[in-house]
Structures are given as structure tokens and as C-alpha cells.
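Report on the structure given below.
Numbering (UniProt numbering), first residue to last: 1 to 457.
So, in C-alpha cells, the structure goes:
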């Protein structure tokens, strides 16, 4: 893109996205300066290897960084509300993210179809489902964005042979700095409290998510989520999905036939929920969303349904770990907010002893109260915000216990669970108070379950 040749571009943040921005901008002939607020950010050696001409500055952002700068390319980890960024905008400097730079290339018509996915919960599962379905329909497809790889790395690696379909998982942070994306089909799966440490409130968070509907593509909205439905735009083609009967022939939903739940479009039965390899009603909703998005770009239904039957799901998302003495243990360590844990509890279809707690990110835990009351046998609380969760669950009518660590939590949960129950790790919190990340939290949970298994044997 010639607009960057010989321009001075400041890249803010040296994570995976920042590195991809530096590489791509260097390849466009830009003069690249990279700044990271950390004294010794990871990736410095990679930057020096891949972009030897790039200037690197570490430490607090100050206005000297803006000297001679034409534009800023920002990583999603740097808030737009950062005072330094606001001062740059006040000076008339354009601030954009990697998804915006991809969108500008997509607008030339050379980079294929785009399916864009966001939501508080389920977005990685739906992104992976859609990628799996597109492959089964014979498409050259890449899933990227908020999940690896970074989109501009894909553009550079693919060169002349770009994907036929881009499946973009987008975070609210990425959408804040995206202005011209025109996805062929896009969805906001749901809105629940998350990242309120970075937003003034739910309205601001939802408004960032709604930016995915720029352009004139098909909107795929969730009938079970009032905020998602409230994003319908006049003059746009809209289809909806939900865990109820569809309202018309183009909408997606479910139909009950005795003990069977069917996925349907309009009146047409497509497949039984029991044919899916992923657990829970929330995954039925995810499958409906994936079908709606793929049909929006005219992929053939028979290939899509066959692919749904073979989709195995993702690690740490209501993933079955073991069955011990009639109790099934599930790892939902990726359940890092209240909405995810609500969905997991409702979706299991059995009573659960749920392990909750960690770093709450400023969330209101009160919506957990009715979900725990209805679907849990007991709750075992761990981590920094256990007292806040305990306060929110007062009066829910189930036993609440504290555990000193994950091993203790699993042992307490196993004693409380009855035959036919589940033990569900779905913390509704981030993991960083006790663990390296959500995957490390899952490893420790699984190790504790394996210890129980050995003892039972």
C-alpha cells in the first residue's frame, strides 16, 4: 500500500500484533518507530531481527515519541483512552489498528470474503467452528485476529495467494480502532460484563462490539441477548439465532421432539443436538450462529451439517476431563467472566458443583446468583475475589465453601457431588492471581482430577 511509503509510523505495543504491524509497515516502505511502556518487553530480539531499521523506545510514553510521526498503528493492549493516545488524536494524527489496515486492503476486492465474529463469550469456539465448516465446504480459509495468527502476518505469508475466506475473531479492543471493515457477515454473539476495568460501563463496551457491523453485510443477531438484538440496523439483511423456535423461514433455532432437541432453520429440521460432539446448550447456540454465518456467504448446507457433526470443540471450554464414581469433571477454565459461567451451568443439563473465583476484573457477580441457585449443587470458591463472589451468592440456597488452592477445591467438590452430577471448573474470573494464565489453571485442575482418579482406582 503506497500510502505508507516513506511515512513515519509509530507502532504502540510490542506484542504479537505490534510485531506484525512493524513487519508489515516496514515491508510497505514506512519508517517505523516502536514504543512499549514496559522496560524490557518480550519480542525485542524478534523485532531487531525482522525489522533492523526500526527504532525501538521502551518505557513510559511521552510526547517526544510523536516527533515527526504521520500516523500511529496501535496494538489492542494499549487503550484508546490512554492520555498519550488522546493527545496524538488531538494533534490530528490518525490512530488505527491492524484490523483497520486489513480492512483497507479488503476494500480493494483482492482479499476474499470476510466473516467477522465478536461477543463476550463463545467467539473463539464459533470462529473455530466457522473455519472448520468453510474447510469442509472446500474453501481456502484462514481464522485470525484476536486469535493467532495476527492478520497482517497472514497477508505477508500468503503473498499473491490470499485466502478465499477470512474468519476474523475480533475483540472490543480491536474494534475500537477499526473504521472501514465491511464484513460479508458479522455477529455479536452476546454481551455480558467483561473488561469493565477498561470501559466506563456496559453501554460503552457494547458500543465497541457493535462496530463490527460497519458496512453493508449480513447481521447475525442473538434472539436470547437483548443487546445483540438492539444492534439491528435499518436497511440491512438480518438473520437471528436462538434457543427457541425461529420467527421466520430464514431464522435459526431449536425444536423439541420428545427427548430430542433439533437444530432448525425455519421449519426445516437440520440435525439433532445429540449429534454434536460439543457439550451443552450454549454450544447448540454456537452451532446455530456458525451455520447462519456460513450460509450468509452461500456455502452448501449438506457440507456444513456434516462438518458440524465432526467438530470436536476447543480445549478448556466445558471440556470433559474424566468420570469418577458417576461424577463427570469438566474443565471450563476459559470461562473468565460471569456470562460464560452462566452459559456453562445452564448448558450442562445436570446439577454441578462449580468451582468459582480468581481475578474478577471489576465485574458484578450478582447474575451468578440465579444460575447457581437453579443449576448448582454447591459452589467452591478460590482466589482473590472469592469474598465478592460469596457476597453475591448469599441467599442462593446452595452450600458455599472456600478452598485454599485448586487441589483443595477439587477434593471438596468431589465430596459434595452426587452420582450423576458434574464438577465444573468455570471460574467467571481471570486467573492471574493464582496462575500464569487460564491454560495453567486448567492444567492444575486436570492434575487434581487425575490424582482423584488414581485414588479411586
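C-beta atoms are modelled at their ideal positions from N, C-alpha and C, and glycine is treated no differently.
Please report the straight-line C-alpha distance between residue i and residue j, rounded to a whole angstrom.
| i | j | result |
| --- | --- | --- |
| residue 165 | residue 106 | 11 Å |
| residue 371 | residue 227 | 20 Å |
| residue 205 | residue 325 | 43 Å |
| residue 441 | residue 110 | 42 Å |
| residue 191 | residue 66 | 36 Å |
| residue 230 | residue 402 | 39 Å |
| residue 327 | residue 276 | 22 Å |
| residue 323 | residue 329 | 6 Å |
| residue 19 | residue 279 | 37 Å |
| residue 446 | residue 334 | 14 Å |
| residue 186 | residue 34 | 32 Å |
| residue 319 | residue 24 | 37 Å |
| residue 212 | residue 407 | 41 Å |
| residue 303 | residue 123 | 22 Å |
| residue 240 | residue 14 | 38 Å |
| residue 353 | residue 425 | 9 Å |
| residue 11 | residue 130 | 31 Å |
| residue 398 | residue 375 | 10 Å |
Please state whether DSSP places residue i in a helix, a strand or coil.
| i | result |
| --- | --- |
| residue 338 | helix |
| residue 241 | strand |
| residue 205 | helix |
| residue 281 | helix |
| residue 323 | strand |
| residue 212 | helix |
| residue 54 | coil |
| residue 8 | strand |
| residue 62 | coil |
| residue 85 | helix |
| residue 155 | helix |
| residue 74 | strand |
| residue 219 | strand |
| residue 178 | coil |
Do you know whose CA, among the options, lies nearest residue i's CA?
| i | options | result |
| --- | --- | --- |
| residue 28 | 101, 83, 36 and 49 | 101 |
| residue 255 | 238, 240 and 273 | 273 |
| residue 60 | 276, 69, 45 and 78 | 78 |
| residue 314 | 116, 126 and 2 | 126 |
| residue 355 | 301, 143, 431 and 283 | 431 |
| residue 31 | 145, 159, 390 and 68 | 68 |
| residue 288 | 244, 320, 455 and 327 | 244 |
| residue 75 | 63, 412, 92 and 170 | 170 |
| residue 365 | 455, 389 and 347 | 389 |
| residue 367 | 434, 341, 103 and 94 | 341 |
| residue 386 | 81, 405 and 160 | 405 |
| residue 301 | 265, 400 and 281 | 265 |
| residue 162 | 397, 143, 241 and 93 | 143 |
| residue 251 | 114, 235, 145 and 220 | 220 |
| residue 2 | 26, 216 and 12 | 26 |
| residue 97 | 189, 421 and 174 | 174 |
| residue 201 | 132, 363 and 281 | 363 |
| residue 415 | 392, 263, 456 and 434 | 456 |
| residue 118 | 168, 225, 268 and 42 | 168 |
Is it buried or exposed for residue i, if we count other Cβ within 10 angstroms and need 16 for buried?
| i | result |
| --- | --- |
| residue 351 | buried |
| residue 286 | buried |
| residue 108 | exposed |
| residue 180 | exposed |
| residue 248 | exposed |
| residue 359 | buried |
| residue 253 | buried |
| residue 417 | buried |
| residue 172 | buried |
Please indicate yes or no: does the CB of residue i lie closer than 8 Å to some heavy atom of the ligand PLP?
| i | result |
| --- | --- |
| residue 168 | Only the bare structure without any ligand can be found here, which leaves the ligand PLP out of the picture. |
Item to check | Every unbroken beta strand (DSSP E) inside the stretch 331 to 405 [3 residues or more] | outcome: 352 to 356, 376 to 381 and 399 to 402
Checklist entry - If you scan the stretch 92 to 153 from start to end, which runs of the alpha helix (DSSP H) of 4 or more residues do you find wholly inside it? => result 98 to 106 and 123 to 136
Item to check | 4-residue-minimum alpha helix (DSSP H) runs that sit fully inside the stretch 250 to 312, ordered along the chain | outcome: 281 to 296 and 301 to 310
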